[in-house]
Structure formats: C-alpha cells, structure tokens
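>
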Amino acid sequence: MKGAYRRLQSEVGAESLPLLAFLLIMVVAFSMATPRFLTTANFSSMAFQLPVLGLLTLAMLVPILSGGLNLAVIFTANISGLALAWTLIKFGGPDGGTMALIFGMAAAIAVGAASGWVMGLVIAYTGAHPILVSLAMMIFLRGLGEFLTRGGDISGFPDQLNIIGHGGVLGIPVPMIIFCAAAIVWHVMLRRTRHGFAVYMVGSNIEASEYSGIHTKRTITVLYTISGVICAAAGIMMAARFNSVRVGHGEAFLLVTVLACFLGGIDPFGGFGKVLPVFVALIILQVLSSGLNLLGANQHLSTAVWGLFLIGVMAARWIAGNLPFLQRGKIH
Amino acid sequence: MERMLKWVTLAAIATGLASAAGAQNSTMGVVVKIGGIPWFNAMEVGIEERAAEIGMDAEMIGPTSADPALQVRAIEDLIAKGVDVIGVVPNDETALEPVLKKAMDAGIKVVAHEGPGLQNVDWNFELASVDGFGEAHAQLLAEKIGGPGKFAVFVGSLTVPLHNAWADAAIAWMAENHPEIELVGERYGVAENVDDSRTTALDLIAANPDLKGFLAFGSQGPIGAGRAIEERRLAGKVHVLGPFSPGQGQKLVKAGILSGGYMWNPAEAGRVFVTMGKLLVDGVDIVDGMEIEGLGVVSPDAANRDIITDNLLEINADTVDELAAKGL
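Line by line, the protein sequences give chains A and B. Quick note: the first sequence uses our numbering, first residue 387, plus one each step. Quick note: the second sequence uses our numbering, first residue 1260, plus one each step.
Below, the structure written as structure tokens:
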C-alpha cells in the first residue's frame, strides 16, 4: 500500500496531491459561497477559458525545466496565428474549407517551430542567457507582427476553424480535449523519452551533462523548437477562439504562464518539476479567477489573490520542508 | 497541518470578499476596456448610480490590462453566471464576436458602447457621432474667431482613423458655413505629443500672422498648442480647441489660453448602459423618435444595430473644475 503511494507520488509528483487537496477546498468554498459555481455552465465556461493559457504554459514549462525561460511565447503564438490567417485568406477566406485549414495550421506550426528553432540555436551555440535571447525574439516578433498587420486584426475564417475554438465532443469542449492531449504528450515526453531525460539533466547541471555525453546543444535547440510548436498550437486556438488574429492578443498571459509553472512546483533554476502539478495549478488559477468573477469581485483583486496564493504556496513548501515533525519517514 | 491551515485561511479570504447578488432584480455585467483608470472609474459610478435608481443589479468588470483575451474571459464568466444583460466596451471588436454570439445564443441581451462595427449585439450606442463631434468643434471655433481668419488642424497621427474622420467633418463644416475662415496647410499629425504640437504651433504662428485658431484632435494637441500661445502671449487672439483631459488642461483653461472643447461623459455612458439593459430585459422595442434617458430622442439604425446620438459635454472654464475633480 505504502509502496503504491510512493510510486504514485514519484510518477505524478509530490506536489500534485496537496495541490489537488487545495483545489478541492477551493471548489467546496466557492460552491458554498455561490450557487452558480457548481453548474455545468460554469464548468464549461472554465473549460473553454483554460486551454489557451494551458498551452502557453506548456510552452513555458520545458524551457524553465532546462534552466531557461521563453519570454517569446505570446508573440510566437501571435505570429503563428498570423501565418494561419494569411494562408486562410489566400485560400479563399470564409469559403476556404478544410484543406485551407490544414495548410494554414501546417504553416502556423512551421512558423512557430522556426522561431523556436532560431531561438534554440542562438541559446545553445552562443551561450547567451535564454532571458536575453527570448526577450530579443519577443521584441522582434512583436515588431514584425505589428509591421505586417499595422496593428490591425485579420478576420474572416472558414467555419471549420470555429470547431477548434467553440466545438464540443460529448459535452467536453474541444479546446479542453486538445489541451489534455497536449499535457499527456508533454508528460510522456518528459518522463519516458531520451529527450525528456536530457532536458532534466541540462536543467540540473549543464556542464555535468555535457561531460556525461549528452548532446546539450542539440537538446536545447530541440526543446525550444518544441516550445515554438506548442506556441503555434496556442496561436491556432486563439485564432479559433477570437475568430481573429492580432498581434497582442493574449499579451496579459505571459507572466501568468510563469506563475502557473512556479505554482506547479517547477524549480525556477531548472531540473526539477512535473507536468501534472502544473496542470492542477492551472485549474486552481482558473477556479480562483472564475469563482471570484462569479462573486463579482474586482479583477485586480483576483490578480492580487493569485499573487497571495503563490506566496502562500511558497510558505507552505518551506514549512513542509523545514519542520522536523513533518520529516518523519521522509527520505531526502 | 500548517499547510492545511494556510490554505483554509486563503480560501476563507477568497470567499469572504464579496457578497452574492440578490435573486430578484435583473442582473447585468458591463465589461470595459481596462479597469482602474479614471475614465472607467467614472463609468462605474454611473453604472452603480443608475442601477440603484431603477432596481437592477449591475456591476462593472474592468480587466487588468487592455487585452481582448481578458475581455473574452470576463464575458465567458458572465455567461456562466447567467446574467440577463451583458454590456461591453470592446478593445477589439472582431475578437469578441464569437463570445458575444455565445451570449446571445444563451438568451442574454448584449449592449455595446464604442463598438459600432459589432454584429452580435442587441444595440450599440454612442454619445458622440463622428460628424457631430467634428462639427461641434468647428462651430465653436467659428464662434470664437468671429470673423475672417485662418485656422490649422492637428490630428494624433495621419493613420488614426477616428481623428481624421473628426478632422474631415470639421473642415467640411467650416468650408460650407464659414468660407471666410481658411484652412492653413493640410493637417498635422502631431497631436499625441506635447512638444511636437508646441513647436508646430509656434512655426505656424510665425508663418501666418493672420492665424486665428487651432483645432487639435488628439489628447496632447490642445495642451501643446496652448503652451505655444502662452509663450507668445497670444491668449484671446489665437484660439485653441479640441478634446483633452480636463485635469491636464485645467490651468490653461483657467488662464483663458485653451478655449475649450468637447468630450462625452463616461459616467453618462455608464448610466445609459443600465437604462438600455433594463429596456431590453423588459422587452421594450427601441424605435425611431423614442426618448431614452441619457440619450435623448433617438433614431436607431436598425440594420447595423447602432444608436448614435450627440450628447457632448463642453469643457470650458465653468465645467473644467468639476470634470477634473472626477479625475478625468
């Protein structure tokens, strides 16, 4: 029994169970505070809202695990969205049909991957700090996007795109299905593949990894490319959700993705952390924000509660790690 | 245990923050561009006052940044909350269409302000029409000049559609009604910058001794041109008009350098939101010639779902203090 619990913990991460417990408390508290909370409408609304932020958080997660950061996630998503929009408009706009959509998505993913790849190459081969490189990329992509669109938006897409943003299968929103699938792929990639192992090792100690024969430069290039691909997925989803593409859509999410990663127990210095706790942390953030909205609280207040929550989690982690009576039976 | 306690406390804070809405009144949520700025603070006051008067439960939701993605989230939450009316001042019209369609499909009434292009709305209302706003400024300038002379027009930038539309309307009105007042040059795209407005105004005054007035569309244009007038001690001889922030222009207006301008009142817009929401919930048809409090007699454009009125608020020496005190 105890062994099974340990195995579960090592697979999903020690952070997950307390976070799940906290999520449960939040849900119970909000349900008592307002009858509107425990309704299908509310859960469906949350499930539609979460995935864009979720995909962007996955894009942020792997660079942080490798000891870096990707500040360009939002604008990579925007520029990929522009590639999608451009292709759709070229192939007939609203009457483009499914083939145009597939071409468009391929174009978006190619653009996202290319931007991630360039970033990865620069970080891997020049040794420049990822914050600087991704900041430069963010400014470049933003400027490029605003130059190409003159700050305006592009709309007029085929109806099939609508399914990605607003459709449902058996009552489950399509965006949520896509996000869950992406999260599972991320979990498997990090825990079960050579690349995932290499990411953790690079994040823990890049020099030791290099000496142990891990191709660190390739690992870094690949991980930023993958981050770019998932950004493109987020860009496609944003285009579908808003039925339009504009540089700057989702700008407010940048720091929230970092927040979600840290809440989910990803080590800010890299090397440690798992996907599931981040997934739970995202749900908690969504529950907090939707719950407070249902209660009619000020938006700035929900931001404040998010911050307070992060501080609380940090404090709880410190207490759990430092009080002797909690240490019984724990192995470090 | 400590960990548990921390979390329980946090949850208690979160739940204790606000009280649930009453069950009887119709409910309304107004999502604005961004919260915590004076313009929308004034709108919130208007919404709350009017809601208390006519028995609605209305709240304003101001996202923490002017990002359409946050407006979409706020509207999703309002749909989940099951409000009767959603009001919106869009950051980006097209980005909101899908979620507003979802709201309308759910039987929620939608009222917009400053969103004339929106499709999925019951009504969009404006307190200032493009032509009316430009013409009102031209008319005021003609009154102030009171005879032949020349005037120059500033806009925020040559690519700001709204400013240029105002300028077009003002210039056309002036050419038609006061041909003796001539336009100098084309128009100058300097009005978002105080310094550029000031130097351009100084140059124009030097080059045109018979220059009598400036029309400056763009928040910094009147201030910059006003400074130029102040430097050259031309107050009363050269008139400066345009929409500006009352708080920023207060001193110049008091000194008689800025003649004034027009704006529309965000608090009034807030009141109209609630009035419109109530009418929609009660199922009142909005027809030509009907009088709506705050809008006056309306002639709605049923095809585009627009109600455009001219309820301008004059900024002058008498009103500027009150407006500035509201933080506008």
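Heads up, the beta-carbon is just placed ideally off N, CA and C, and yes, glycines get one too. Note that the structure is predicted; figures quoted are calculated from it, not measured.
#1: Please list, in chain order, the chain B residues whose beta carbon lies closer than 8 Å to that of LEU680 of chain A.
#2: Does the segment 1569–1583 of chain B come close enough to the segment 1504–1523 of chain B that 3 or more CB-CB pairs lie under 8 Å?
#3: By the 10 Å Cβ neighbour count, where 16 or more other Cβ atoms means buried, how is ASP1326 of chain B classified, buried or exposed?
#4: Nearest by alpha-carbon distance to GLY1415 of chain B: which of B:ASP1454, B:GLN1398 and B:VAL1380 is it?
#5: Under 6 Å Cβ to Cβ from ILE1566 of chain B, same chain only, skipping five residues before and after it: list those, please.
#6: Determine the contact status of GLY1288 of chain B and LEU1337 of chain B, defining contact as a CB-CB distance below 9 Å.
#7: Taking C-alpha atoms, which residue in A:ALA499, A:ASP653 and A:ASN464 lies nearest to SER452 of chain A?
#8: Please list the partners that ASP653 of chain A has in chain B, where partner means a Cβ-to-Cβ separation under 9 Å.
#9: What number of angstroms, rounded off, separates the C-alpha of LEU441 of chain A from the C-alpha of ASN428 of chain A?
#10: Please work out which residues of its chain come closer than 7 Å, Cβ to Cβ, to HIS1437 of chain B, disregarding the five sequence neighbours upstream and downstream, and give them in chain order.
#11: Could you name the residues of the segment 1304–1338 of chain B whose beta carbon sits closer than 8 Å to any beta carbon of chain A, in the order they occur along the chain?
#12: For the candidate residues B:GLY1314, B:ALA1526 and B:ALA1428, whose alpha-carbon lies nearest to that of ASN1284 of chain B?
#13: Would VAL1412 of chain B pass as a contact of PHE1476 of chain B if the rule is Cβ separation under 9 Å?
#14: Kindly list the residues whose CB is nearer than 7 Å to the CB of SER541 of chain A, restricted to its own chain and excluding five residues on each side of it in sequence; keep chain order.
#15: Thinking just about the alpha-carbon of each residue, which of B:ALA1301, B:ASP1316, B:GLY1341 and B:PHE1473 is nearest to the one in LEU422 of chain A?
#16: Taking just the CA atoms, how far does PHE434 of chain A sit from ASP1343 of chain B?
#17: Kindly provide the ranges of any beta strand (DSSP E) runs that are 3 or more residues long and lie completely inside the segment 1277–1355 of chain B, ordered along the chain.
#18: At a CB-CB cut-off below 7 Å, which residues of chain A make contact with GLY1555 of chain B?
#19: Using DSSP with H/G/I as helix, E/B as strand and the rest coil, what is MET1549 of chain B?
#20: So THR643 of chain A and VAL413 of chain A are supposed to be a Cβ contact under 8 Å. How far apart are they, rounded?
#21: Taking all protein chains shown into account, do 16 or more other C-beta atoms lie within 10 angstroms of the C-beta of LEU556 of chain A, making it buried, or fewer, making it exposed?
#22: Contact between the segment 1547–1556 of chain B and the segment 1485–1502 of chain B is defined here as three or more beta-carbon pairs at a separation below 8 Å; is this criterion met?
#23: So, is GLN1378 of chain B buried or exposed, given that buried needs 16 or more other C-beta atoms within 10 angstroms?
#24: Could you check whether the Cβ of HIS686 of chain A sits closer than 9 Å to any Cβ belonging to chain B?
#25: For PHE639 of chain A and LEU674 of chain A, I'd like the C-alpha separation in whole angstroms.
#26: So, with DSSP's three-state summary, where would you put LEU474 of chain A?
#27: Just how far apart, CA to CA, sit SER520 of chain A and PRO1407 of chain B?
#28: List in chain order: all unbroken alpha helix (DSSP H) runs of 4+ residues lying wholly within the segment 1396–1440 of chain B.
#29: From GLY1346 of chain B to HIS686 of chain A, what distance separates their C-alpha atoms?
#30: How would you call ILE570 of chain A, buried or exposed, if buried means at least 16 neighbouring beta carbons within 10 angstroms?
#31: Among the candidates B:ASP1364, B:VAL1331, B:ILE1367 and B:MET1363, whose CA atom is the shortest distance from the CA of THR1353 of chain B?
#32: In whole angstroms, what is the alpha-carbon distance linking VAL1369 of chain B and GLU1451 of chain B?
#33: Just checking my contact of VAL633 of chain A with ASN464 of chain A at CB under 8 Å: how many whole Å lie between their CB atoms?
#34: What does the alpha-carbon distance come out to for the pair ALA1280 of chain B and GLY1321 of chain B?
#35: Closest to LEU662 of chain A by C-alpha separation, out of A:PHE461, A:PHE583, A:ILE495 and A:LEU447, would be which residue?
#36: Considering only the alpha carbon of each residue, which of A:GLY677, A:THR425, A:ALA514 and A:GLY482 lies closest to ILE411 of chain A?
Considering the structure as presented:
#1: ASP1336, ALA1339 and LYS1340
#2: yes
#3: buried
#4: B:ASP1454
#5: TRP1382, PHE1384, VAL1557 and PRO1559
#6: yes
#7: A:ASP653
#8: Within chain B, no residue comes near ASP653 of chain A; the closest Cβ sits about 19 Å away, beyond 9 Å.
#9: 21 Å
#10: ALA1401
#11: GLU1318, ILE1320, GLY1321, PRO1322, THR1323, SER1324, ASP1326, PRO1327, ALA1328, LEU1329, VAL1331, ARG1332, ALA1333, GLU1335, ASP1336, LEU1337 and ILE1338
#12: B:GLY1314
#13: yes
#14: Once the five neighbours on either side are set aside, the close Cβ partners of SER541 of chain A are ASN629 and SER630.
#15: What sits at residue 422 of chain A in the sequence shown is Arg, not Leu. The shortest C-alpha separation from ARG422 of chain A is found at B:GLY1341.
#16: So the alpha carbons of these two residues sit roughly 21 Å apart.
#17: 1285–1290, 1315–1320 and 1344–1347
#18: Residues of chain A passing the Cβ test: none, with the nearest at roughly 31 Å.
#19: coil
#20: Contact flag wrong, Cβ pair sits at about 23 Å.
#21: Here LEU556 of chain A is exposed, its C-beta having fewer than 16 other C-beta atoms within 10 Å.
#22: no
#23: The residue in question, GLN1378 of chain B, is exposed, as its Cβ has fewer than 16 Cβ neighbours within 10 Å.
#24: yes
#25: 15 Å
#26: Looking at LEU474 of chain A - three-state DSSP - the assignment turns out to be helix.
#27: Looking at the two C-alpha atoms, the distance is approximately 59 Å.
#28: 1420–1436
#29: One Cα belongs to GLY1346 of chain B, the other to HIS686 of chain A, and the distance between them is close to 19 Å.
#30: exposed
#31: B:VAL1331
#32: 33 Å
#33: The pair is a contact, with the Cβ atoms about 5 Å apart (cut-off 8 Å).
#34: A caution first: ALA1280 of chain B carries a pLDDT of 38, below 50, which makes its placement in the model too unreliable to give a value.
#35: Closest by alpha carbon: A:LEU447.
#36: A:GLY677
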